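Just so we're on the same page, my numbering is the position in the sequence shown counted from 1, plus 2.
All C-beta atoms, glycine included, are put in the ideal place defined by N, C-alpha and C.
Please read these numbers as outputs of a predicted model, since none were measured by experiment.
Here the structure is laid out as structure tokens; the discussion comes afterwards.
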Amino acid sequence: MISPASDNQSAARRPPQCAVAPLLWSLVPLAGGIFVVRSGNLSLLVAALLLCLPVSLLPGIHRSRRLVACLSLLAGMSLFAIRHPGPDESWEKRPPREVQAVLRIDELFNARKPARVSGIGTILSTDLPVDTVTGRQAAFYLETDQPSSTKPTPGETLSCKAVLRYLPHLEHLDNYQMYLKNRDIHLSLNQGWLTQSISKAPTAERFRQEIFSSSQALLTSGCRSPDDPGTVLASMLLGNRSLLSDERITLYRKTGTYHLFAVSGLHVGSVFLCLFLLVRWIPLPALIHQILPLLGTWSYVWLTGSSTSAVRAGIMISCLGLARVVFRQPQLFPALILSAWLVLILDPLELFQLGFQLSYGVVLSIILVGLPLAQHLRILMSDYAGRHFLSSKPVDRFLKLLCGGSDIACVSISAGLASMPLIVQHFGLFTPGGVLFGILLNPLVTLVVMAGCLSLVSAPLIGPLGAGTIAVATWPCIRGIEWLLHACLGIPGAVGERAWNWPQAGTLLLVGMLLLAWFLQRLRMSGRSLPGITYLLPHLLVLVVLAKGSIST
Numbered sequence: 003m004i005s006p007a008s009d010n011q012s013a014a015r016r017p018p019q020c021a022v023a024p025l026l027w028s029l030v031p032l033a034g035g036i037f038v039v040r041s042g043n044l045s046l047l048v049a050a051l052l053l054c055l056p057v058s059l060l061p062g063i064h065r066s067r068r069l070v071a072c073l074s075l076l077a078g079m080s081l082f083a084i085r086h087p088g089p090d091e092s093w094e095k096r097p098p099r100e101v102q103a104v105l106r107i108d109e110l111f112n113a114r115k116p117a118r119v120s121g122i123g124t125i126l127s128t129d130l131p132v133d134t135v136t137g138r139q140a141a142f143y144l145e146t147d148q149p150s151s152t153k154p155t156p157g158e159t160l161s162c163k164a165v166l167r168y169l170p171h172l173e174h175l176d177n178y179q180m181y182l183k184n185r186d187i188h189l190s191l192n193q194g195w196l197t198q199s200i201s202k203a204p205t206a207e208r209f210r211q212e213i214f215s216s217s218q219a220l221l222t223s224g225c226r227s228p229d230d231p232g233t234v235l236a237s238m239l240l241g242n243r244s245l246l247s248d249e250r251i252t253l254y255r256k257t258g259t260y261h262l263f264a265v266s267g268l269h270v271g272s273v274f275l276c277l278f279l280l281v282r283w284i285p286l287p288a289l290i291h292q293i294l295p296l297l298g299t300w301s302y303v304w305l306t307g308s309s310t311s312a313v314r315a316g317i318m319i320s321c322l323g324l325a326r327v328v329f330r331q332p333q334l335f336p337a338l339i340l341s342a343w344l345v346l347i348l349d350p351l352e353l354f355q356l357g358f359q360l361s362y363g364v365v366l367s368i369i370l371v372g373l374p375l376a377q378h379l380r381i382l383m384s385d386y387a388g389r390h391f392l393s394s395k396p397v398d399r400f401l402k403l404l405c406g407g408s409d410i411a412c413v414s415i416s417a418g419l420a421s422m423p424l425i426v427q428h429f430g431l432f433t434p435g436g437v438l439f440g441i442l443l444n445p446l447v448t449l450v451v452m453a454g455c456l457s458l459v460s461a462p463l464i465g466p467l468g469a470g471t472i473a474v475a476t477w478p479c480i481r482g483i484e485w486l487l488h489a490c491l492g493i494p495g496a497v498g499e500r501a502w503n504w505p506q507a508g509t510l511l512l513v514g515m516l517l518l519a520w521f522l523q524r525l526r527m528s529g530r531s532l533p534g535i536t537y538l539l540p541h542l543l544v545l546v547v548l549a550k551g552s553i554s555t
């Protein structure tokens with residue numbers, strides 16, 4: 003008979019609680035090299051280069067690991083320097099000026115006003131006598147005389163006349179300009195208008211836009227006004243925030259849930275889960291059962307515009323899904339580390355993006371804190387039930403229900419507490435009520451996204467009427483979500499406005515929490531018997547710093 007202690011230790015070594023990933027020897031130095039170059043600190047750069055020599059000679063570490071660590075550090079520094087050279091030195095001295103430019107649209111934002119177009123584009127040419135901006139990205143907010151139905155689309159090339167501003171020339175940057183700077187965008191085109199369309203978007207992009215419009219019409223079928231829940235479903239699944247009313251935007255922003263309308267890991271993971279459950283009913287080999295949902299997931303990423311956050315989530319889900327095929331078990335932690343490594347190789351600037359930090363911070367918190375805590379609670383509840391109750395079907399069913407609720411609570415609270423430091427840092431919102439309400443909100447949102455995915459997938463089989471009925475069936479869940487958000491706002495202290503005294507305190511707190519969780523899990527995997535309270539230590543660290551740290555109301 004296995005004792006609870008030994009069962010606990012063996013359970014901690016199982017793949018879902020695994021904290022070992024050989025690629026960490028490359029990922030951490032790679033991220034360090036990216037950070038060193040982005041900081042622009044010459045002394046830090048020299049110190050990092052000099053550090054490579056003693057690290058390569060350290061005893062007690064395998065030679066191949068030392069070599070990988072040093073090469074990864076140099077690779078991170080080189081990648082960032084090549085991919086993101088930074089603003090031209092002359093831009094700090096150049097004031098705004100009116101230019102005639104040719105612009106290719108890369109990304110569109112919600113302008114929130116009629117006859118306006120907003121987004122990010124690449125400057126292809128200008129009439130500047132000394133042109134240092136061609137080939138660079140610029141944010142634009144321009145007037146247009148085109149009706150909303152024929153407004154420019156991503157991939158289209160346009161001519162515009164506007165005021166070009168060099169952000170390095172400005173003494174103070176507002177929140178939007180800081181957002182652009184973090185994306186390595188140092189130019190803006192404003193106070194102007196689009197003059198003519200030079201070329202349309204590529205055929206593949208126009209085809210995607212047609213499918214996108216059809217999908218949006220299907221998801222909003224049954225809507226008679228912008229306040230109907232169907233607009234929330236379409237906005238949530240497709241990432242089109244322009245469908246939301248100002249009142250809804252205010253509600254979701256105040257409660258810190260506005261991120262639900264940006265396609266991210268939650269959406270991509272829910273779509274993958276929906277497709278995986280559907281494919282399981284088809285008698286196919288196990289490999290096909292994994293490959294088909296992944297193909298469908300990447301089709302969803304393409305449909306929503308292949309935004310950075312969606313591609314990042316697609317890579318993450320693909321690594322997690324393929325790990326099950328390759329290793330025959332869900333190696334979550336190594337797969338997540340591999341996905342982060344791939345994302346940084348593709349775009350080193352991702353390391354500094356809020357979406358990257360939130361996605362990987364939340365998932366790492368779930369893997370290193372939420373899942374071990376949930377499994378520990380399962381063991382405790384099973385032991386308690388075995389000692390105090392006779393085994394019977396009602397008792398077993400109640401225990402399964404209790405364990406399922408405990409799993410959802412552990413995962414939701416782990417995700418909420420991991421995101422809290424970054425939400426305070428970037429948005430000035432402190433939402434302890436959102437962490438608790440997330441126990442109900444997260445399953446509801448997952449259910450809504452999965453139902454929306456089912457509606458789109460089933461449309462070719464059951465027709466628009468049947469698919470629209472599935473979309474309308476999500477309305478009670480959406481109303482339930484918004485009722486919970488209103489209830490959260492009505493509780494004193496559940497939502498507040500706060501700010502860190504030091505700008506990067508939230509990021510450091512998240513990193514510290516994850517390091518502590520990783521260290522504790524490694525101790526458990528080595529066979530150390532740790533008190534049960536250690537499962538809560540990472541969360542307690544976040545709560546103590548949030549309650550007693552340098553936060554000002």
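In the DSSP assignment, the beta strand (DSSP E) including residue i goes from what residue to what residue?
i, result
"Gln102", "Arg99 to Phe111"
"Leu189", "Leu189 to Ser201"
When the Cα atoms are used, what is the spatial distance from residue i to residue j?
i, j, result
"Ala203", "Leu338", "35 Å"
"Leu110", "Met527", "47 Å"
"Cys412", "Cys276", "22 Å"
"Val544", "Gln148", "50 Å"
"Thr259", "Asn503", "24 Å"
"Ser341", "Ala376", "24 Å"
"Gln158", "Ile200", "Contrary to the premise, residue 158 reads as Glu rather than Gln in this sequence. Straight-line Cα distance between these residues: approximately 8 Å."
"His541", "Gln506", "19 Å"
"Thr136", "Asp129", "10 Å"
"Val459", "Ser45", "55 Å"
"Thr536", "Leu456", "41 Å"
"Leu392", "Ser384", "12 Å"
"Leu356", "Leu126", "29 Å"
"Asp409", "Leu373", "8 Å"
"Leu548", "Thr509", "13 Å"
"Pro434", "Ile290", "42 Å"
"Gly232", "His488", "19 Å"
"Cys479", "Gly529", "44 Å"
"Tyr168", "Ala264", "28 Å"
"Arg226", "Thr257", "26 Å"
"Ala33", "Leu279", "36 Å"
"Trp283", "Val104", "51 Å"
"Leu69", "Val371", "31 Å"
"Pro31", "Val165", "41 Å"
Considering only the alpha carbon of each residue, which of the options lies closest to residue i?
i, options, result
"Lys153", "Arg185, Val397, Ala140 and Ile107", "Ile107"
"Leu172", "Ser223, Gln148, Thr124 and Pro97", "Pro97"
"Arg221", "Ala461, Gly435 and His541", "A small fix is needed here, since residue 221 is Leu in this sequence, not Arg. If we check each option's Cα against that of Leu221, Ala461 comes out closest."
"Leu516", "Gly482, Phe278, Gly436 and Gln359", "Gln359"
"Arg114", "Thr233, Leu160 and Arg243", "Arg243"
"Ser92", "Asp133, Asp176, Val101 and Val474", "Asp133"
"Gly298", "Pro285, Ser311 and Gly316", "Gly316"
"Leu431", "Val497, Gly323 and Leu286", "Val497"
"Asp186", "Leu322, Ile122 and Ser215", "Ile122"
"Gly215", "Phe429, Gly307 and Val101", "The sequence shown places Ser at residue 215, not Gly. Comparing Cα positions, the closest option is Gly307."
"Trp300", "Arg85, Ala325, Gly495 and Ser266", "Ser266"
"Val426", "Leu366, Arg255 and Ala164", "Arg255"
"Ile381", "Thr476, Tyr362 and Leu401", "Leu401"
"His378", "His86, Cys162, Leu532 and Ala164", "Leu532"
With respect to the alpha helix (DSSP H) encompassing residue i, which residues constitute its N-terminal and C-terminal limits?
i, result
"Arg40", "Leu26 to Ser41"
"Cys276", "Gly267 to Val281"
"Leu214", "Contrary to the premise, residue 214 reads as Phe rather than Leu in this sequence. First-last of the alpha helix (DSSP H) with Phe214: Thr205 to Leu221."
"Thr252", "Asp248 to Lys256"
"Arg68", "Arg65 to Arg85"
"Tyr302", "Ala288 to Leu305"
"Leu360", "Leu356 to Ser367"
"Gly259", "The identity of residue 259 in the sequence shown is Thr, whereas the question assumes Gly. No alpha helix (DSSP H) contains Thr259, which DSSP labels as neither H nor E."
"Ala236", "Pro231 to Leu240"
At least one CB of chain D closer than 7 Å to the CB of residue i: is that the case?
i, result
"Leu297", "No chain D is present in this structure, which holds just one protein chain."
| Completely contained alpha helix (DSSP H) runs for the stretch 521-554, where each covers 4 or more residues | 539-550
| task | Say whether the stretch 204-214 touches the stretch 133-149, bearing in mind that this needs 3 or more beta-carbon pairs closer than 8 Å, one atom from each stretch. | result | no
| request: Would you be able to state if there are at least three C-beta pairs under 8 Å between the stretch 211-229 and the stretch 178-195? | output: no
| message | Give the list of continuous alpha helix (DSSP H) stretches no shorter than 4 residues that lie fully inside the stretch 425-479. | response | 434-474
| request: Tell me the start and end of each unbroken beta strand (DSSP E) in the stretch 103-189 that is at least 3 residues and wholly inside, in chain order. | output: 118-128, 139-145 and 159-168
| message | Check whether the stretch 436-450 and the stretch 412-427 are in contact - that is, three or more C-beta pairs closer than 8 Å. | response | yes
| said: Closer than 8 Å is the cut-off here; do at least three beta carbon pairs connect the stretch 342-349 with the stretch 166-181? | reply: They do not touch, by the three-pair rule.
| task | Could you tell me whether the stretch 234-248 touches the stretch 278-293, using the rule of 3 or more Cβ pairs below 8 Å? | result | The stretch 234-248, when compared against the stretch 278-293, does not touch it at the 8 Å Cβ threshold.
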